[in-house]
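Some notes on the structure that comes next.
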Amino acid sequence: MPVVFDLEGPLSPMDHAYEVMARCVPNGREIFEVISFYDDVVYFEEQREGYEPGTTLALIVPFLVVHGVTEDDLRRVSEDATLTPGARETMRELDATPFVASTSYEQHAMRIAGLVGIPRGHVYCTEMPLDDAPEPSEEERRLVLEMEREILRKFYPPSDADKEELVESVDDFFGRLSETELGEFCSKIEVVGGSRKARVVEEVVDLEDADVSEIACVGDSITDVDMLKFVRKRGGLAVAFNGNEYCIPEADVAVAAPSLSAVLPILETFFEEGKDEAMELAEEFEPEGEARVLNVNRARQRELEEFIRYSEAMRERVRGEAGKLG
Numbered sequence: 001m002p003v004v005f006d007l008e009g010p011l012s013p014m015d016h017a018y019e020v021m022a023r024c025v026p027n028g029r030e031i032f033e034v035i036s037f038y039d040d041v042v043y044f045e046e047q048r049e050g051y052e053p054g055t056t057l058a059l060i061v062p063f064l065v066v067h068g069v070t071e072d073d074l075r076r077v078s079e080d081a082t083l084t085p086g087a088r089e090t091m092r093e094l095d096a097t098p099f100v101a102s103t104s105y106e107q108h109a110m111r112i113a114g115l116v117g118i119p120r121g122h123v124y125c126t127e128m129p130l131d132d133a134p135e136p137s138e139e140e141r142r143l144v145l146e147m148e149r150e151i152l153r154k155f156y157p158p159s160d161a162d163k164e165e166l167v168e169s170v171d172d173f174f175g176r177l178s179e180t181e182l183g184e185f186c187s188k189i190e191v192v193g194g195s196r197k198a199r200v201v202e203e204v205v206d207l208e209d210a211d212v213s214e215i216a217c218v219g220d221s222i223t224d225v226d227m228l229k230f231v232r233k234r235g236g237l238a239v240a241f242n243g244n245e246y247c248i249p250e251a252d253v254a255v256a257a258p259s260l261s262a263v264l265p266i267l268e269t270f271f272e273e274g275k276d277e278a279m280e281l282a283e284e285f286e287p288e289g290e291a292r293v294l295n296v297n298r299a300r301q302r303e304l305e306e307f308i309r310y311s312e313a314m315r316e317r318v319r320g321e322a323g324k325l326g
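Here UniProt numbering is used: position 257 in the sequence shown is 257, and no number is missing along the way.
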């Protein structure tokens, strides 16, 4: 039976796009954090129609292009990415067919998937043809560099107090950029996040001749919410691994642990005995070392809040700075 994994978090701690911005773009770390904050506000608070979480990976493309970042740079940064502890062992021991649904750029996703033995044909991720980007015009450079200065001067660090002005400013920037050749290139980038991850599950169902109720998925962030919800509501098993406040409430089971192997007993029970038995195992789980498991469906509000705090602390410990992002 199939299991669909998010990549960044469950399989590798690196936030690849964040690292690319930090290493290849002046003040890129700060710019990324502000754009990521904008992404969260537009998706969760404004609930803008048609907007997908994880669009940050498309929104940063103008900055990458103007600063001359190439596909080789994307691969070079990926070379420094490690695997989440237990990822390789989990893939080896799991008696299921693994797939990846990831917002990650393909240059990174394919490398990490290969390291844990997931074939390229089972990886759904964001295509990033940076080397095909047009040479920025002087006007495009001016627009992007002005936006960078405004972000650093007015909106970093990001805060709720400035979020309305930030949304207006970023919307205006991309509105003007959309009329340019660079803007047209950026508009064609389709990030595999949000509802697109749910559609990956549908494709996997067709490919494996399975039912959604026979599928498990593992995610950790805002971009996995739609996938988790889709699988949970159709009888499959939705697992949050070191998840944050956005994703844990949409899961059936939440696991917080320093190693991905902590999800193995839950997944194995689901595939061998069914969802009810997997949920019972989660309910009866006795803490082992630092691993914690929560049956989200039966958790009281206080239990849920306490678990989210523990999970987010574990997330930051395993993923570092990347764990603080939505």
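Note that beta-carbon positions come from the ideal geometry of N, C-alpha and C, so glycine has one too.
For clarity, every value in this text was computed on a predicted model and none was experimentally measured.
Closer than 8 Å by C-beta to residue 99: which residues in its own chain qualify, once you throw out the five before and the five after it? Chain order, please.
2, 3, 4, 5, 118, 122, 123, 124, 200, 204
Suppose the cutoff is 7 Å on Cβ atoms and the five residues either side in sequence are ignored; what does the same chain contact list for residue 38 look like?
166, 167, 170
What is the C-beta distance between residue 176 and residue 152, in whole angstroms, given that I count them as a contact (C-beta under 8 Å)?
Wrong, their Cβ atoms sit about 19 Å apart, outside the cutoff.
Can you tell me whether residue 7 is buried or exposed? The criterion is at least 16 other CB atoms within 10 Å of its CB, across all chains shown.
Result: buried.
Ignore the nearest five residues each way along the sequence and tell me which others in residue 97's own chain have a CB closer than 8 Å to its CB.
1, 2, 3, 122, 208
Give me, in chain order, the residues of the same chain whose beta-carbon lies closer than 6 Å to that of residue 81; leave out the 5 immediate sequence neighbours on both sides.
Correct list, in chain order: 12, 14.
Report the three-state DSSP secondary structure of residue 191 (helix, strand or coil).
coil
Locate the beta strand (DSSP E) running through residue 48, then write down its first and last residues.
Here residue 48 belongs to no beta strand (DSSP E), and DSSP marks it neither H nor E.
By Cβ distance, which residues of its chain are closer than 7 Å to residue 261, with the 5 residues on each side in sequence left out?
86, 89, 90
Note down the Cα distance separating residue 55 from residue 16, rounded to an integer number of angstroms.
In a straight line, the C-alpha of residue 55 is about 14 Å away from that of residue 16.
Count Cβ pairs between the segment 68-82 and the segment 105-117 that sit closer than 8 Å; are there 3 or more?
Taking a cut-off of 8 Å for Cβ pairs, the segment 68-82 and the segment 105-117 touch, as three or more such pairs fall below it.
Over the uninterrupted alpha helix (DSSP H) stretch that includes residue 218, give me the two end residues.
Residue range 216-219 is occupied by the beta strand (DSSP E) that includes residue 218, with no alpha helix (DSSP H) assigned at that position.
Which runs of the alpha helix (DSSP H) fall wholly inside the segment 13-85 and span at least 4 residues, in chain order?
Taken in chain order, the complete alpha helix (DSSP H) segments of 4 or more residues contained in the segment 13-85 are 16-24, 28-40, 56-59, 61-66, 71-78.
Tell me the rounded alpha-carbon separation between residue 312 and residue 232.
Inter-residue distance for residue 312 and residue 232 is about 22 Å (C-alpha atoms, whole angstroms).
For the beta strand (DSSP E) that contains residue 240, what are its first and last residues?
237-241
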